[in-house]
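Student: Take a look at the following structure, please.
Here it is, written out as structure tokens:
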């Protein structure tokens with residue numbers, strides 16, 4: 012099941028002490044806290060996304076990350092001029108970025124002052140964008156391990172995130188949307204193709220595109236497994252198995268996500284009545300749509316629209 016777009020704020024001290032951070036974040040947070048870093052604020056954004064703002068002042072300290080299990084995208088806001096990573100012949104600076112995969116290991120030496128933001132996300136969150144944005148299977152891609160690279164658009168998004176409020180529902184909704192934009196930019200610019208494992212099964216690329224486009228075209232209509240299997244010219248049994256391999260989830264789960272994604276787009280960009288938004292996205296009525304939206308995202312469609320449209 013998808014996690015909410017909105018989630019209650021995490022108490023920083025309690026989370027660090029009790030291991031309550033989502034999806035294993037206590038590993039990174041404890042590593043930084045034990046290395047003279049101060050957690051200024053933290054927000055669990057939902058959608059398996061979390062964000063943290065850190066400051067650090069030290070004469071010199073060593074930091075070691077050991078396979079944290081989640082991806083981290085870091086942006087330096089200030090300082091970092093004397094911070095370096097082992098075997099990387101470059102120092103940090105404001106607006107420089109680091110992409111650290113969940114299975115990476117690294118050793119850092121930090122000197123002086125620095126102020127930075129971390130965006131934390133699961134590997135699955137990143138790779139599942141592959142189908143929609145790159146027309147690639149999720150299992151084909153992985154996040155590249157990069158240190159101190161430049162991307163003006165991503166850095167600008169991080170600076171906007173630093174100015175946003177994280178302690179109220181509307182602010183977290185906006186931060187969630189901005190975080191999704193950041194990951195889209197990262198996917199298009201910083202992913203690499205996996206060569207470490209062979210891929211077997213799954214839908215052929217042309218069939219995958221045909222099924223994806225069919226779902227997009229008929230989201231306003233009821234969709235059945237048999238109907239989608241017919242588009243792929245496969246039995247329901249084989250289609251279901253191969254769809255899961257290629258899309259990373261079951262057909263019904265993918266369709267449900269696409270309905271909600273289209274609903275969010277319409278709520279952000281139009282003034283359509285909720286009943287029409289519901290119809291455009293394949294929901295039986297506005298009540299059913301509102302229930303699904305709130306159950307998945309933790310807020311109502313109207314509240315989401317107000318937050319996204321600034322009113």
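In the numbering used here, the protein residues as written are 12 to 322. Idealized CB from N, CA, C, for every residue including glycine. Source: prediction; values computed, not measured.
Should the segment 64 to 74 be called in touch with the segment 39 to 55, which here means at least 3 C-beta pairs below 8 Å?
Tutor: yes
Student: Check residue 44 in the structure and name its three-state DSSP category.
Tutor: Of the three classes helix, strand and coil, the one that applies to residue 44 here is helix, per DSSP.
Student: CA-CA distance, residue 94 and residue 157?
Tutor: 15 Å
Student: On the criterion of 16 or more Cβ atoms from any shown chain inside 10 Å, does residue 62 qualify as buried, or is it exposed?
Tutor: buried
Student: Which of the three DSSP states is assigned to residue 148 in this structure?
Tutor: Here residue 148 sits in coil by DSSP.
Student: May I ask you to report which of helix, strand or coil DSSP gives residue 227?
Tutor: For residue 227, the secondary structure class from DSSP, reduced to helix, strand or coil, is helix.
Student: Distance check for residue 58 and residue 149, CA to CA, integer angstroms please.
Tutor: Between residue 149 and residue 58, the C-alpha separation is close to 17 Å.
Student: Please report the distance separating the alpha-carbon of residue 73 from that of residue 270.
Tutor: Their Cα atoms are separated by approximately 47 Å.
Student: For residue 97, which residues of its own chain have a beta-carbon under 6 Å away from its beta-carbon, when the five flanking residues on both sides are left out?
Tutor: The residues are 118.
Student: On a CA-only basis, which of 298, 312, 293 and 256 is nearest residue 281? Give me that one, please.
Tutor: Ranking 298, 312, 293 and 256 by Cα distance to residue 281 puts 312 first.
Student: Starting from residue 238, trace the alpha helix (DSSP H) both ways and give me its first and last residue.
Tutor: 236 to 243
Student: Can the beta-carbon of residue 123 be found less than 8 Å from the beta-carbon of residue 159?
Tutor: Contact: no.
Student: Please classify residue 223: is it buried, with 16 or more other beta-carbons within 10 angstroms of its beta-carbon, or exposed?
Tutor: buried
Student: How many Å lie between residue 89 and residue 176 at the Cα?
Tutor: 19 Å
Student: Excluding the 5 residues preceding and the 5 following residue 230 in the sequence, name in chain order all residues of the same chain whose CB lies nearer than 8 Å to its CB.
Tutor: Cβ neighbours of residue 230 beyond the five flanking positions: 266, 269, 270, 273, 291, 292 and 293.
Student: Roughly how many angstroms lie between the CA atoms of residue 182 and residue 318, to the nearest whole one?
Tutor: 8 Å
Student: Report yes or no: do the segment 297 to 317 and the segment 225 to 242 share at least 3 C-beta pairs separated by less than 8 Å?
Tutor: no
Student: Count the other C-beta atoms from every protein chain shown that fall within 10 angstroms of the C-beta of residue 212, then say buried if there are 16 or more, exposed otherwise.
Tutor: Its Cβ having fewer than 16 others within 10 Å, residue 212 is exposed.
Student: Please name the residue or residues paired with residue 65 in a DSSP beta bridge.
Tutor: 50 and 127
Student: With distances taken Cα to Cα, identify the nearest neighbour of residue 187 among 256, 245 and 308.
Tutor: From the listed residues 256, 245 and 308, the smallest Cα separation to residue 187 is found for 308.
Student: Restricting to Cα atoms, I'd like to know which of 76, 262 and 172 is closest to residue 110.
Tutor: The alpha carbon of residue 110 has as its nearest neighbour, out of 76, 262 and 172, the alpha carbon of 76.
Student: Note down, in chain order, each residue of its chain lying with its Cβ closer than 8 Å to the Cβ of residue 220, except the 5 sequence neighbours on either side.
Tutor: 146
Student: Taking residue 161 as the reference, give the member of 179, 85, 137 and 142 with the closest Cα.
Tutor: 85
Student: Quick check on DSSP: helix, strand or coil for residue 99?
Tutor: Per DSSP, reduced to three states, the secondary structure at residue 99 is coil, with no helix or strand assignment.
Student: From what residue to what residue does the beta strand (DSSP E) around residue 85 run?
Tutor: 82 to 90
Student: Report yes if the CB atom of residue 197 is closer than 8 Å to the CB atom of residue 165, and no otherwise.
Tutor: For residue 197 and residue 165, yes; Cβs fall inside 8 Å.
Student: By DSSP's criteria, residue 292 is part of a beta bridge. Which residues make up the other side?
Tutor: For residue 292, DSSP assigns no beta-bridge partner whatsoever.
Student: So residue 336 is in the beta strand (DSSP E); what residue range does that whole segment cover?
Tutor: Here the chain has residues from 12 to 322 only, and residue 336 is not among them.
Student: For the beta strand (DSSP E) holding residue 158, just list the boundary residues, first then last.
Tutor: 157 to 160
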